[in-house]
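Take a look at the structure set out below.
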Amino acid sequence: MSESRLPLEGYNVIDLTAHRAGPTAVRQLADWGANVIKIEAPSSISNDKGSLIGSRHGSDFQNLHRNKRSLTLNLKTEEGKAVFFDLAKKSDIIVENFRSAVKFRLGIDYDSIRKVNSRIIYGSIAGFGQTGPYGKRPGVDQIAQGMGGLMSITGLPGQGPVRVGIPICDLTAGIFLAQGILLALIDREKTGEGQWVHTSLLESIIQMLDFQGSRWLIKGEVAPQAGNNHPTGTPTGVFPTSDGHINIAAAGTNLFDRMSDAMNADDLASDERFRTGEGRTENREEVNERISVYTKTKTSDEWIDILNEAGVPCGPIYTIDQVFQNEQVQHLGIAKTVHHKNLGTMKVVGQALNMTATPQPDTLRMATPELGEHTDDILAELGYDNDKIASLHGADIV
Amino acid sequence: MSTGRLPLSGYNVIDVTAARAGPTAVRQLADWGANVIKIEAPAAIDQNRASLTGSRHGYDFQNLHRNKRALTLNLKTEEGKAVFFDLVKEADVVVENFRSEVKFRLGIDYESVKKVNPRIVYGSISGFGQTGPYGKRPGVDQIAQGLGGLMSITGLPGQGPVRVGIPICDLTAGIFLAQGILMGLLDRGKTGEGQWVHTSLLESVIQMLDFQGARWLIDEKVAPQAGNNHPTGTPTGVFPTADGHINIAAAGTNLFDRMCAAMGADDLGADARFRTGEDRTDHREEINERISAYTKTKPSDEWIDIMNEAGVPCGPIYAIDEMFANEQVQHLGIARSVQHSQLGELKVVGQAVNLTATPQPETLRRATPDLGEHTDEILAELGYDAEKIAALHKKDIV
Numbered sequence: 001m002s003e004s005r006l007p008l009e010g011y012n013v014i015d016l017t018a019h020r021a022g023p024t025a026v027r028q029l030a031d032w033g034a035n036v037i038k039i040e041a042p043s044s045i046s047n048d049k050g051s052l053i054g055s056r057h058g059s060d061f062q063n064l065h066r067n068k069r070s071l072t073l074n075l076k077t078e079e080g081k082a083v084f085f086d087l088a089k090k091s092d093i094i095v096e097n098f099r100s101a102v103k104f105r106l107g108i109d110y111d112s113i114r115k116v117n118s119r120i121i122y123g124s125i126a127g128f129g130q131t132g133p134y135g136k137r138p139g140v141d142q143i144a145q146g147m148g149g150l151m152s153i154t155g156l157p158g159q160g161p162v163r164v165g166i167p168i169c170d171l172t173a174g175i176f177l178a179q180g181i182l183l184a185l186i187d188r189e190k191t192g193e194g195q196w197v198h199t200s201l202l203e204s205i206i207q208m209l210d211f212q213g214s215r216w217l218i219k220g221e222v223a224p225q226a227g228n229n230h231p232t233g234t235p236t237g238v239f240p241t242s243d244g245h246i247n248i249a250a251a252g253t254n255l256f257d258r259m260s261d262a263m264n265a266d267d268l269a270s271d272e273r274f275r276t277g278e279g280r281t282e283n284r285e286e287v288n289e290r291i292s293v294y295t296k297t298k299t300s301d302e303w304i305d306i307l308n309e310a311g312v313p314c315g316p317i318y319t320i321d322q323v324f325q326n327e328q329v330q331h332l333g334i335a336k337t338v339h340h341k342n343l344g345t346m347k348v349v350g351q352a353l354n355m356t357a358t359p360q361p362d363t364l365r366m367a368t369p370e371l372g373e374h375t376d377d378i379l380a381e382l383g384y385d386n387d388k389i390a391s392l393h394g395a396d397i398v
Numbered sequence: 399m400s401t402g403r404l405p406l407s408g409y410n411v412i413d414v415t416a417a418r419a420g421p422t423a424v425r426q427l428a429d430w431g432a433n434v435i436k437i438e439a440p441a442a443i444d445q446n447r448a449s450l451t452g453s454r455h456g457y458d459f460q461n462l463h464r465n466k467r468a469l470t471l472n473l474k475t476e477e478g479k480a481v482f483f484d485l486v487k488e489a490d491v492v493v494e495n496f497r498s499e500v501k502f503r504l505g506i507d508y509e510s511v512k513k514v515n516p517r518i519v520y521g522s523i524s525g526f527g528q529t530g531p532y533g534k535r536p537g538v539d540q541i542a543q544g545l546g547g548l549m550s551i552t553g554l555p556g557q558g559p560v561r562v563g564i565p566i567c568d569l570t571a572g573i574f575l576a577q578g579i580l581m582g583l584l585d586r587g588k589t590g591e592g593q594w595v596h597t598s599l600l601e602s603v604i605q606m607l608d609f610q611g612a613r614w615l616i617d618e619k620v621a622p623q624a625g626n627n628h629p630t631g632t633p634t635g636v637f638p639t640a641d642g643h644i645n646i647a648a649a650g651t652n653l654f655d656r657m658c659a660a661m662g663a664d665d666l667g668a669d670a671r672f673r674t675g676e677d678r679t680d681h682r683e684e685i686n687e688r689i690s691a692y693t694k695t696k697p698s699d700e701w702i703d704i705m706n707e708a709g710v711p712c713g714p715i716y717a718i719d720e721m722f723a724n725e726q727v728q729h730l731g732i733a734r735s736v737q738h739s740q741l742g743e744l745k746v747v748g749q750a751v752n753l754t755a756t757p758q759p760e761t762l763r764r765a766t767p768d769l770g771e772h773t774d775e776i777l778a779e780l781g782y783d784a785e786k787i788a789a790l791h792k793k794d795i796v
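What follows is the structure in structure tokens.
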């Protein structure tokens, strides 16, 4: 399938991002076919390559930066900036996640770019927003998870705040920004003009609060820690089995009856107090305890088969290796192959989305590039001759 | 700014979604300007409208379905389907999240719709994928959180699986689908042809595993529960204060030194065992305990000021009400107003991304419609006369 078209083919993207949030936005564009040039400082001028993403050949970096080419460029020199503006003239999109003030200091902010290319769409991610009282604060995922309220509603009641096991603020900020860039491309088709689109870790996690946010805004109710139970639908939660835990989601009365039937739990089905959803939620602790008595008698696999057979949503609680070994996950093919010239063939996490006419290839187009791997190619595409390219190398501009 | 253009103005969307994942996709389109028609069964034929998103006038439903118009339509009748296909002829996008086989049974699947309008971009969300061994299983957020491995890496080591406090599989499936629809529209601009785009709760949470997934696929390491500490960067985590908890993210050696200086923690800064990131992670428990001894001496607010002043990422762990009251959150304006004809002015959760040329209006265009609120208006737009509309009402088709 790797020969088929991709929806973002033909769009040129300049990638100035680092860490995780910005690269996540760019990955959405790169995976779907954009021509992405990742700009990094030449090795001679950057003495600190260590970051939370780990080393370049590590699993995180390789998963994050596939499907793009690498150009080294020193943006702190006039000559380096001149190369940057040559690229900007031919580009559709620029993405950055510097601290909010940095792009202005470097002179590569949206207004500066627009002067040479009014069609540019310029995407930015900050920790807490581009302006405002915290506009200049350093922001990272952990801080945004706490500040956005997510840690106050994750975990079991009373255990103290709990972090979500993925960098959810980074990831969702990246995904929202990618979506904003697509919206701006659609808008540009009508107007011919680009625009600046930006989000932040904080705004992204607030949007993700969804009903837990509107619960406060509309109802004035502060969500407590949700634990493993659905806040209102009972029974929905984690139940112990003879060899581990399973999830059961049987909140509606029909589902509750089907579950009771499948478990031969006549005592549950016939209990008058449990006949309505409200009744079950009021007596949640007892309902869950009595369900647990049954679930403990068989293995997780047995219950998963029995309950799904009965039409009751039920599933395992997998570790990550088990996820990728699962037959349905294998059927979906979300672990995609990529060939790296030094690291060989490896698997990375593919896109969740299936586009039937323009699918993500089973083997990705490009592995994560080595630092500056495509510098000469990219400069040649700009029309630079060998002499000029050599002199840029000589001056550590690229 | 509320009169400005929006990027999806002029696109017509038919919304046959329910529950949360599908509506989340549609909300992205509706908020950004699409003309969305929400189709629901007429009151006479749907006895059981209760769902986990609560009652129509509740905070969840009102947050989820704003910016669309409502049409009642009985899709199980030939006459109802004829109305549906009249709408399809004028539409750009159809979104559904029935169980995978339902759209085929109803005869409103992509192939059927494409016959009357080949430009349609048709979006679907299922629990576990449209096909495969679990293709027909009932899927809800709780089940996907467990199946996708997320519950095995959230929470404190040893405490057993922990659910994330938001319906993250539903929300991310909706957001990924919306992105796919935008790419489908961009691709259509080049080819003139629509396509079927689909995702699932399971694929979405797997993509969200990000480096925790790549860690298995590339390194064959199974991520354990992450707890409140960053898995590799130390110190990054939750620390007790005199009046609660704060997050500190000071993993790099520069940041660690700044943190020690700001706390007056000479003993930490001088300890030779803590000079590198690896050393700090090896001694995480001791370091966190010794940091805690300092953080316990002052209230959270004082530490947050001191640390940020010193350039060390640090923030509060807010409950949801505290979060919305925060000065930076207020500055960002992510709580948006909407006017409901019966409920008055409500605040709902706005979009995370800021499009500077086509911003989300401060006051949203429309509140969540009541059931069938715009039925007559929409049918009149299709050219149906008053007599035909009355006949459809009479037969409970609309």
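Respectively, the protein sequence lines represent chains A and B. Its first residue numbered 1, the first sequence is counted upward by one per residue in our numbering. Its first residue numbered 399, the second sequence is counted upward by one per residue in our numbering. Cβ coordinates follow ideal geometry from the N, Cα and C atoms, glycine included. Please read these numbers as outputs of a predicted model, since none were measured by experiment.
- Per the coordinates, the alpha-carbon of residue 169 of chain A lies some 29 Å from the alpha-carbon of residue 42 of chain A.
- For the segment 307-328 of chain A, the residues whose beta carbon sits under 8 Å from a beta carbon of chain B are, in order, 308, 311, 312, 313, 314, 315, 316, 317, 318, 319, 320, 321, 322, 323, 324, 326, 327 and 328.
- A direct Cα-Cα distance of roughly 11 Å separates residue 564 of chain B from residue 229 of chain A.
- In this structure, residue 614 of chain B and residue 92 of chain A do not form a Cβ contact; the two beta carbons are roughly 35 Å apart against a cut-off of 8 Å.
- Burial state of residue 190 of chain A is exposed, judged by a 10 Å Cβ sphere holding fewer than 16 other Cβ atoms.
- In the assembly as shown, residue 336 of chain A is a buried residue. Its beta-carbon has 16 or more other beta-carbons within 10 Å.
- Here the alpha carbons of residue 666 of chain B and residue 217 of chain A stand approximately 43 Å from one another.
- Taken in chain order, the members of the segment 719-730 of chain B whose beta-carbon sits within less than 9 Å of a beta-carbon on chain A are 719, 720, 721, 722, 724, 725, 726, 727, 728, 729 and 730.
- Taking a 10 Å sphere around the C-beta of residue 758 of chain B, we find 16 or more other C-beta atoms and assign the residue as buried.
- Contact annotation: in the segment 209-230 of chain A, residues whose CB is within less than 9 Å of a CB in chain B are 209, 210, 211, 212, 213, 214, 215, 216, 217, 218, 219, 220, 221, 222, 223, 224, 225, 226, 227, 228, 229 and 230.
- Taken through DSSP and simplified to helix, strand or coil, residue 195 of chain A comes out as coil.
- For the segment 172-185 of chain A, the beta-carbon criterion of a distance under 8 Å to any beta-carbon of chain B is satisfied by 172, 173, 175, 176, 177, 178, 179, 180, 182, 183, 184 and 185.
- Per DSSP, reduced to three states, the secondary structure at residue 346 of chain A is strand.
- With contact defined as three or more Cβ pairs closer than 8 Å, the segment 457-476 of chain B and the segment 203-221 of chain A are in contact.
- Under the three-state reduction of DSSP output, residue 619 of chain B falls in the coil class, being neither helix nor strand.
- Distance from the Cα of residue 537 of chain B is smallest, within the candidate group A/136, A/8 and A/247, for A/247.
- Taken atom to atom, the span from the alpha-carbon of residue 432 of chain B to that of residue 623 of chain B is near 41 Å.
- Bounds of the beta strand (DSSP E) holding residue 241 of chain A are 236-241.
- Residue pairing from DSSP places residue 355 of chain A in a beta bridge opposite B/595.
- Looking at the backbone, the Cα of residue 685 of chain B and that of residue 633 of chain B are separated by about 7 Å.
- For residue 403 of chain B and residue 756 of chain B, the gap between their C-alpha atoms comes out near 6 Å.
- Going by DSSP, residue 436 of chain B is part of the beta strand (DSSP E) stretching over 433-438.
- By the beta-carbon neighbour count (other beta carbons within 10 angstroms, threshold 16), residue 580 of chain B is buried.
- Secondary structure at residue 550 of chain B: helix, using DSSP grouped into helix, strand and coil.
- For the 7 Å CB-CB criterion, residue 511 of chain B and residue 423 of chain B do not form a contact.
- Collapsing the DSSP output to three states places residue 176 of chain A in a helix.
- Secondary structure at residue 28 of chain A: helix, using DSSP grouped into helix, strand and coil.
- The three-state reading of DSSP puts residue 523 of chain B in strand, counting E and B together.
- At least one CB atom of chain A sits nearer than 7 Å to the CB of residue 532 of chain B.
- The C-beta distance from residue 450 of chain B to residue 526 of chain B rounds to 18 Å, too long to meet the 8 Å contact threshold.
- Residue environment analysis places residue 198 of chain A among the buried positions, since at least 16 neighbouring C-beta atoms fall within 10 angstroms of its C-beta.
- The beta carbon of residue 477 of chain B sits closer than 6 Å to those of 795, all from its chain and outside the five residues before and after it, given in chain order.
- In the structure shown, residue 766 of chain B adopts coil according to DSSP, grouped into three states.
- Distances from the alpha-carbon of residue 409 of chain B to those of B/426, B/417 and B/661 put B/426 closest.
- As computed with DSSP, residue 93 of chain A is found in a beta bridge with A/13 and A/121.
- Beta-carbon to beta-carbon, residue 201 of chain A and residue 144 of chain A are separated by about 4 Å, close enough to satisfy the 8 Å threshold.
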